[in-house]
Amino acid sequence: MAKSTSTAVATTIKAIRKALDDKTTEKPRPVAGSGKSGFRSLGVRLADVKQIARFLAESGGVPADLAGAVALVDAAFARKVREEILVAVEVLANHQADFTPALFTHVDKWVASLDDLDVAAALGPLVVSPLLVQDTSRLATVRKWARTRSVGRRCLAVLSVSALISDGRRDVAPTLEICELLLNEDHPVLVAEVAALLRNATRIDAKAVQDFLFRRSVDGNPDILRAGSENLDAARRAALIAKLEAQAALATPPPVEAAR
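Sequential numbering from 495 applies to the sequence shown in the numbering used here.
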């Protein structure tokens, strides 16, 4: 990083932190469940985080080019403070028109320490999705995220591929590949996100999603299957629900009669 860029980034980080501190009186704390390498949280609401990012952008208090914005995100991840990262990601998203596949080199580094659902919810749609649309070969990396033990990376995988079935794109097959890897998910946030992805995919190719759901009905999480099938034809969905209920009945042991 050039000295001038480094100085500008340090100045921006200070401005971000001051704006965040003005929004809270809480002390930084570890993010629950994020482990030793997890992020700290300042307790600032997400709505305030977005407002701070907009204010700094409008006032010229953030990097004006892609390189500077990337350097800002690098610095924020190094500091491991959730809200600082979220503001930096919002700033980077303002440069989506300048994104190139080369940016994935930085994404790989950021994701290596990611186990935070809020950061995943920002990084996926705002940064990874646009890059994935540019270079679908990166789906191999997204599949790796879906297979990890990290809730944050698994969530990032789901949110990233949503771009493949939006804005006129119809890449249902790779979308279902990610759903396949996460169909046994039991984390509430992931259950909801995978189901939402299936519902959206149904609007593009109902037959493909229908076949997928019936094929995986024998071993997928029933909560995902039920919620993910909501956009199927009513008769097909009823058949799927009936199948799930029949399987649940078979899996339930009969009641034990009281000894006489």
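Every residue gets a Cβ at the ideal spot worked out from N, C-alpha and C, and that includes glycine. Just so it is clear, the structure is predicted and the values come from calculations on it, not from any experiment.
Take every Cβ of the segment 723 to 731, pair it with every Cβ of the segment 696 to 711, and state whether three or more of those distances are shorter than 8 Å.
yes
For the putative contact between Val-756 and Leu-625, defined by C-beta atoms under 8 Å, what is the C-beta separation to the nearest angstrom?
Nothing can be reported for residue 756, as the shown portion of the chain is limited to 495 through 754.
Would you kindly check if the distance between the Cβ of Ile-672 and the Cβ of Asp-665 is under 8 Å?
no
Roughly how far, in whole angstroms, is the beta-carbon of Leu-675 from the beta-carbon of Ala-615, given that I think they are within contact range, below 8 Å?
Going by Cβ atoms, the distance from Leu-675 to Ala-615 rounds to 19 Å, so no, they are not a contact pair.
Does Asn-678 pass the burial test, meaning 16 or more other C-beta atoms within 10 Å, or should it be called exposed?
exposed
Does the Cβ of Thr-594 have 16 or more other Cβ atoms within 10 Å, making it buried, or fewer, making it exposed?
exposed
Quick one, are the C-beta atoms of Leu-550 and Ala-509 less than 8 Å apart?
yes
Could you check the C-alpha separation between Gly-537 and Val-613 for me, to the nearest Å?
14 Å
My guess is that Pro-557 and Val-601 are in contact by the Cβ rule of under 8 Å, so how many angstroms apart are they, rounded?
Actually they are not in contact, since the Cβ atoms of Pro-557 and Val-601 sit about 17 Å apart, beyond 8 Å.
Residue closest to Leu-565, alpha-carbon to alpha-carbon, out of Ala-591, Val-543, Arg-647 and Leu-597
In the sequence on display, residue 565 carries Ala and not Leu. Closest by alpha carbon: Leu-597.
If we require 4 or more residues per run, which alpha helix (DSSP H) segments fall completely within the segment 556 to 590?
560 to 573 and 576 to 587
Whole runs of the alpha helix (DSSP H) within the segment 609 to 696, excluding any shorter than 4 residues
611 to 617, 623 to 628, 633 to 641, 645 to 655 and 666 to 675
Given that a residue counts as buried once 16 or more other Cβ atoms are within 10 Å of its Cβ, and exposed if not, what is Ser-500?
exposed
Three-state secondary structure assigned by DSSP to Lys-530
A caution first: Lys-530 carries a pLDDT of 44, below 50, which makes its placement in the model too unreliable to give a value.
Could you work out which residue in Ala-513, Gly-714, Asp-727 and Trp-604 is closest to Ala-742 when comparing CA atoms only?
Gly-714
To the nearest angstrom, how far is it from the Cα of Asp-559 to the Cα of Ile-507?
16 Å
Identity of the residue in Ala-606, Ala-561 and Ser-607 nearest Ala-587 by Cα
Ala-561
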